[in-house]
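Sequences listed follow chains A and B, in order.
Quick note on our numbering: the first sequence kicks off at 9 and runs consecutively.
Quick note on our numbering: the second sequence kicks off at 31 and runs consecutively.
Backbone N, C-alpha and C fix where the C-beta goes; we use that ideal spot for every residue, glycine too.
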Amino acid sequence: GAGVSQTPSNKVTEKGKYVELRCDPISGHTALYWYRQSLGQGPEFLIYFQGTGAADDSGLPNDRFFAVRPEGSVSTLKIQRTERGDSAVYLCASSPGQKETQYFGPGTRLLVL
Amino acid sequence: AQSVTQPDIHITVSEGASLELRCNYSYGATPYLFWYVQSPGQGLQLLLKYFSGDTLVQGIKGFEAEFKRSQSSFNLRKPSVHWSDAAEYFCAVATNNNAGNMLTFGGGTRLMVKP
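Rendered as C-alpha cells:
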C-alpha cells in the first residue's frame, strides 16, 4: 500500500517568508509525528498528533512554528517569518496507534536563503 | 531526559566483512529501541525494534541487534555486509508515556562499503 507522502519534496524560500509543508500519512494511522533533521544530525522531534489534536508539541522550537491536522489525516506544518536556521529536512511519520512503530515519509528539504 | 549516543560517526568496512554499529542510550525506564536506515534522498526505513522479551532481535536485510540492559546498549550487527548496505544508520529510543512514542535519535553512523 501507499506509504507516507510529503509535499513538496524541496522548498526554497527567502528569509522572512511563510511556508507550509504537507504530510499525508498512511491511511488509517491515527498517530502522526513531525521531526526536523539538520545536516549531519539525527532527526529531532517537533510535534505529535493523536487524531486531530496535538498531544505533544514540546519540540516546536518557538512560536513561529505551528502544525495542524484538522480532519485527523493530512497534517500541515507551518513556519512563519522563516530564518536561515530553519533550513533542514522536515520528516513526517505515522503509526497505527500511539505506541506503535513509526513509518517515515521521504521528507521535505527546506532551504531558506 | 532520554538520550542516544552513536560513538562512531563514520565506519568503513569491506564487502563481505562483518559489521557492528554501536548505540548507547540513557533512559530511566524500560526502553523501546529502534534501528533505522536512511539512504541518500530516502526516508527512514525501520530495520528492527526491541520492545520486550528476547534481547536478540532479528530485522530485515540480515541485520540483528542485541539489547544489553547492563551496558545500556543496543548494538546493530550484520555478519556479511553488502555494497547496498552503504547508508546512514540511526539508533533511536522511544519514550513510554501517555503522550505517545516520541523518538529520540542518535547522531547517526555513516557506513561506507569498500569493494
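| Asked | Found |
| --- | --- |
| Other residues of its chain near LYS23(A): CB distance less than 8 angstroms, five sequence neighbours each side excluded | THR90, GLU91, ARG92, VAL120, LEU121 |
| Cβ of PHE135(B) within 7 angstroms of any chain A Cβ | yes |
| Under 8 angstroms by beta carbon: chain A residues contacting GLN32(B) | Ordered by position in chain A, no residue passes the 8 angstroms Cβ test against GLN32(B), which lies about 11 angstroms from the chain. |
| Three-pair Cβ contact test at 8 angstroms for the region 60-80 of chain B versus the region 89-109 of chain B | yes |
| Within chain A, the residues that GLY89(B) reaches when beta carbons sit closer than 8 angstroms | Here the premise fails: no neighbours, minimum Cβ distance about 12 angstroms. |
| Under 7 angstroms between C-beta atoms of GLY73(B) and PHE112(A) | yes |
| Which of helix, strand or coil DSSP assigns to PRO89(A) | Just to set this straight, residue 89(A) is Arg in the shown sequence, not Pro. In this structure, ARG89(A) counts as coil in the three-state DSSP scheme. |
| Contact under 7 angstroms by Cβ, ALA39(A) with SER83(A) | no |
| Amino acids of chain A, ordered along the chain, whose beta-carbon sits closer than 7 angstroms to that of PHE120(B) | GLY50 |
| Sequence ranges, beta strand (DSSP E) only - wholly within the region 10-90 of chain A, length at least 3 | 13-15, 18-21, 27-32, 39-45, 52-58, 61-64, 73-76, 83-87 |
| As assigned by DSSP and simplified to three states, the class of SER110(B) | coil |
| Beta carbon proximity, LYS19(A) to chain B, threshold 7 angstroms | no |
| Meets three-Cβ-pair contact criterion under 8 angstroms: the region 111-120 of chain B and the region 60-73 of chain B | yes |
| Extent of the continuous beta strand (DSSP E) run through GLN75(B) | 74-80 |
| Simplified DSSP state of LYS107(A), which is helix, strand or coil | coil |
| Members of the region 46-70 of chain A that neighbour chain B once the beta carbon cut-off is set at 7 angstroms | GLN49, GLY50, PRO51, PHE53, TYR56, GLN58, ALA63, ASP64 |
| Contact with chain B by PRO104(A), beta-carbon distance below 7 angstroms | no |
| Whole-angstrom distance between GLY80(A) and GLY4(A), CA atom to CA atom | The question about residue 4(A) has no answer here: the residues shown for chain A are numbered 9 through 121. |
| Partners in chain B for GLY24(A), counting only beta-carbon separations shorter than 9 angstroms | The contacting residues do not exist; GLY24(A) stays about 28 angstroms from chain B at best. |
| Chain-ordered chain B contacts of GLY115(A) [CB-CB under 8 angstroms] | GLY73 |
| Interface residues of chain A facing LYS79(B) [CB-CB closer than 8 angstroms] | THR109 |
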